[in-house]
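What follows is one structure encoded as structure tokens, with my remarks underneath.
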Amino acid sequence: MDKIVYKNVSKSFDDLIVLDDFSLNIKKGDSVVIIGGSGTGKSVSLKCLLGLLTPDNGSIKVDEQETVGISSEYRNKINENIGMLFQNGALFDSMTVIENVCFGLKSGKGISDRKSRKIGIECLDKVGLDKSILDKYPSDLSGGMRKRVALARAIATNPEIILFDEPTTGLDPITASTIDNLIVDTVRKMGVTTITVTHDLASVRRIADRVALLYKGKIEWIGTVQEMDETDNPFVKQFINGSSKGPIHWARGNK
Amino acid sequence: MFNIAQNIGSLIIDSVEVIGKMIRFSLISIIGILSRPFYTNIFINQCINIGFFSLPVVGMTTLFAGMVLALQSYAGINPNLASTTIPNLIVLAITRELAPVLGGLMVAGRIGASIAAEIGTMRVTEQIEALETLSTDPIKYLVIPRILAGIITLPILVLIGDIIGILGGYIVSVSKLGLNPASYLNNTIEALSLIGVISGLTKASVFGFITTIMGCYQGYNSSGGAEGVGKATTNAVVWSSIMILIANYIITEMFVGV
Numbered sequence: 098m099d100k101i102v103y104k105n106v107s108k109s110f111d112d113l114i115v116l117d118d119f120s121l122n123i124k125k126g127d128s129v130v131i132i133g134g135s136g137t138g139k140s141v142s143l144k145c146l147l148g149l150l151t152p153d154n155g156s157i158k159v160d161e162q163e164t165v166g167i168s169s170e171y172r173n174k175i176n177e178n179i180g181m182l183f184q185n186g187a188l189f190d191s192m193t194v195i196e197n198v199c200f201g202l203k204s205g206k207g208i209s210d211r212k213s214r215k216i217g218i219e220c221l222d223k224v225g226l227d228k229s230i231l232d233k234y235p236s237d238l239s240g241g242m243r244k245r246v247a248l249a250r251a252i253a254t255n256p257e258i259i260l261f262d263e264p265t266t267g268l269d270p271i272t273a274s275t276i277d278n279l280i281v282d283t284v285r286k287m288g289v290t291t292i293t294v295t296h297d298l299a300s301v302r303r304i305a306d307r308v309a310l311l312y313k314g315k316i317e318w319i320g321t322v323q324e325m326d327e328t329d330n331p332f333v334k335q336f337i338n339g340s341s342k343g344p345i346h347w348a349r350g351n352k
Numbered sequence: 190m191f192n193i194a195q196n197i198g199s200l201i202i203d204s205v206e207v208i209g210k211m212i213r214f215s216l217i218s219i220i221g222i223l224s225r226p227f228y229t230n231i232f233i234n235q236c237i238n239i240g241f242f243s244l245p246v247v248g249m250t251t252l253f254a255g256m257v258l259a260l261q262s263y264a265g266i267n268p269n270l271a272s273t274t275i276p277n278l279i280v281l282a283i284t285r286e287l288a289p290v291l292g293g294l295m296v297a298g299r300i301g302a303s304i305a306a307e308i309g310t311m312r313v314t315e316q317i318e319a320l321e322t323l324s325t326d327p328i329k330y331l332v333i334p335r336i337l338a339g340i341i342t343l344p345i346l347v348l349i350g351d352i353i354g355i356l357g358g359y360i361v362s363v364s365k366l367g368l369n370p371a372s373y374l375n376n377t378i379e380a381l382s383l384i385g386v387i388s389g390l391t392k393a394s395v396f397g398f399i400t401t402i403m404g405c406y407q408g409y410n411s412s413g414g415a416e417g418v419g420k421a422t423t424n425a426v427v428w429s430s431i432m433i434l435i436a437n438y439i440i441t442e443m444f445v446g447v
């Protein structure tokens, strides 16, 4: 059964068309990685799924239920089952690490302070962080630690879907690899469906069950990592080789 | 010529659009007050931040306003009438105008800017989006506690400002101008009118709403990184100050009943 279905989704900002008839089916437990250059609409596709942006046209279904044009109460219920790791962590800078991790449990799910703290500590442990950082603020942490805390916050509510927006951007290769492994370990253990947006090919190879190349607002190609390495598709080949010559032109403004 | 007309036209359209968005934002916030959940802890924190921490600023402003008013009115009136006129003038000016307007403008500068900067930073660093993904309505979590705190704490601040402002006038009148303390106090109490105090507190409540809604609106709709947050902060202070002065006239006209 498809867990998430994007069907003919379009989204534009003024004259800039970002998603254009975007369609993608994701099965339960699947780890799909969307690749593509900066500004091609990868993050917009995630934000449309979360209801942070409303598509101009098309449908997005989660568990066969429409999520476009629904009430805010219903949206909150759907989002209870979706975790999100933002590109820069988006940790609440006025809150401590433990308050950040427990936020969704307390505010979203109404779990008591004591119970949510226990779950929060367990989640931090899963991402390799100990109790010594519980009362630190995000500004006291390194980039890699902030990503880990953000990952702990994303998994704390035990969601069925987790979205990763460029999880390794700005990290050194070793920390990036650690974060990827954490994502794979954590997610596989939880059996959740994931969509990861990235242009980091090393990360793609570690995380993906299927890879989708987004170009000019559409999925240009989709397949497994092995198929990605073997395909003759000129778009994929150009992206993998990082060549400036080929059918892909990353200039923004896909009018 | 055509360009000038086009620029004026687009300016009018942009202004109408901003006003429309602001009214919509205010309505959503007001409607949100009526429904659950209500974040009591954040509301209490905001009351402390807006109310308690603004007390020194408002206190100093009204204290010196009362003191200056005593000196200025003494210079402009018959000295034989000073003991009756000065307390009357100070009570009237402080309770109806100076405490609410100066207090409102001071709070607009302090709180409007801080709200816009805080929420604006949250917007550009995706913290507001993070709130939504954690099933938390940002309007209810960020905006409503601040608006309610503004509406409730500003009248309390202004009431304290009234007392401090009148005290400032008393200190100068008695110690500097040599007026009789007992007769001054009697005249002050006689000059106090319930409607005057209520009109000042009503203004304060409206100014509290204006300041907080402008700070929240500008911060919530900021974009473009640090520069955008800076712009939002400036706009919040400028627009809330202008709107406070406009609202002051409207409320005064309502109470004066001309």
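First to last, the protein sequences are chains C and S.
Residue numbering for the first sequence follows our numbering, starting at 98 and increasing by one per position.
Residue numbering for the second sequence follows our numbering, starting at 190 and increasing by one per position.
Positions of the beta carbon are idealized from the N, C-alpha and C atoms, including for glycine.
Contacts of residue i in chain S (Cβ-Cβ under 8 Å)
i              : result
G205 (chain C) : L323, S324, T325
G155 (chain C) : Result: empty, since nearest Cβ-Cβ is about 21 Å, beyond 8 Å.
S109 (chain C) : Going along chain S, no residue has its Cβ under 8 Å from S109 (chain C), so there is no contact; the nearest lies around 17 Å.
F183 (chain C) : E315, E318, A319
L147 (chain C) : E318, E321, T322
G374 (chain C) : In the structure as shown, chain C starts at 98 and stops at 352, and residue 374 (chain C) therefore has no counterpart that could be examined.
Counted within 10 angstroms of its Cβ, other Cβ atoms place residue i as buried (16 or more) or exposed
i              : result
A249 (chain C) : buried
S128 (chain C) : buried
N437 (chain S) : buried
R225 (chain S) : exposed
M256 (chain S) : buried
R213 (chain S) : exposed
Q235 (chain S) : buried
S429 (chain S) : buried
E442 (chain S) : exposed
Y256 (chain C) : Just to set this straight, residue 256 (chain C) is Pro in the shown sequence, not Tyr. With 16 or more other Cβ atoms within 10 Å, it is buried.
G408 (chain S) : buried
L383 (chain S) : exposed
R211 (chain C) : exposed
A371 (chain S) : exposed
E317 (chain C) : buried
T423 (chain S) : exposed
T321 (chain C) : exposed
G198 (chain S) : exposed
Nearest-angstrom Cβ-Cβ length linking residue i and residue j, presumed shorter than 8 Å
i              : j              : result
V106 (chain C) : C145 (chain C) : 6 Å
T151 (chain C) : K158 (chain C) : Not quite, the Cβ-Cβ distance comes to about 15 Å (not below 8 Å), so this is no contact.
A319 (chain S) : A187 (chain C) : 4 Å
G138 (chain C) : L311 (chain C) : 6 Å
Q184 (chain C) : T283 (chain C) : At roughly 18 Å, the Cβ-Cβ gap does not stay under 8 Å, so Q184 (chain C) and T283 (chain C) are not in contact.
S243 (chain S) : I300 (chain S) : 7 Å
I336 (chain S) : V280 (chain S) : So it is not a contact: roughly 31 Å between Cβ atoms.
T272 (chain C) : G241 (chain C) : 4 Å
T295 (chain C) : P264 (chain C) : 7 Å
Under 7 Å from the C-beta of residue i: neighbouring residues of chain S
i              : result
E177 (chain C) : S324
S169 (chain C) : D326
F61 (chain C)  : Outside the modelled stretch of chain C, which goes from 98 to 352, sits residue 61 (chain C), for which no answer is possible.
F336 (chain C) : The contacting residues do not exist; F336 (chain C) stays about 26 Å from chain S at best.
Proximal residues of chain C, C-beta to C-beta of residue i below 8 Å
i              : result
Q316 (chain S) : A187, L188, F189, D190
A282 (chain S) : The premise fails here: A282 (chain S) is roughly 40 Å from chain C at the closest Cβ pair, so nothing lies under 8 Å.
Own chain, CB closer than 7 Å to residue i, minus 5 neighbours either side, in chain order
i              : result
K352 (chain C) : No answer about K352 (chain C) holds up, because its pLDDT of 40 lies below 50 and its placement is not dependable.
S394 (chain S) : I340, L343, P344
G350 (chain C) : Confidence in G350 (chain C) is poor, its pLDDT being 44 and thus under 50, which makes the residue's placement too unreliable to answer from.
L260 (chain S) : V361
T361 (chain C) : Past the boundaries of the shown model lies residue 361 (chain C); chain C is included only from 98 to 352, so the question cannot be answered.
G389 (chain S) : T284, R285, A288, P289, V347, D351
K315 (chain C) : D117, D118, F119
I399 (chain S) : S429, M432, I433, A436
R243 (chain C) : G186, L188, P235
Cutoff 6 Å; reference residue i; Cβ partners in own chain excluding five residues on either side
i              : result
L252 (chain S) : I353, G357
S411 (chain S) : G309, R312, G417, V418, A421
N277 (chain S) : A380
M211 (chain S) : Y406
L226 (chain C) : R245
I219 (chain S) : none
I292 (chain C) : V129, L260
Listed by chain order, chain S residues near residue i by CB distance under 9 Å
i              : result
M98 (chain C)  : By Cβ distance, chain S contributes nothing, its closest Cβ being about 24 Å from M98 (chain C), past 9 Å.
N173 (chain C) : E321, S324, T325, D326
F332 (chain C) : The premise fails here: F332 (chain C) is roughly 29 Å from chain S at the closest Cβ pair, so nothing lies under 9 Å.
F200 (chain C) : A319, L320, L323, T325
_Runs of alpha helix (DSSP H) lying entirely within the segment 263–315 of chain S, each at least 4 residues, in chain order_ = 271–282, 288–296, 302–313
_Contained beta strand (DSSP E) runs [length at least 3] in the segment 142–184 of chain C, N- to C-terminal order_ = 154–159, 179–182
*Can you check the segment 203–249 of chain C for any alpha helix (DSSP H) of at least 4 residues that lies completely inside it and give the ranges in chain order?*
Secondary structure within the segment 203–249 of chain C: the alpha helix (DSSP H) runs of 4 or more consecutive residues, fully enclosed, are 210–223 (chain order).
*Whole runs of the beta strand (DSSP E) within the segment 278–315 of chain C, excluding any shorter than 3 residues*: 290–294, 307–312
*asked:* In chain order, what are the residue ranges of uninterrupted alpha helix (DSSP H) at least 4 long that sit wholly in the segment 384–411 of chain S?
replied: none
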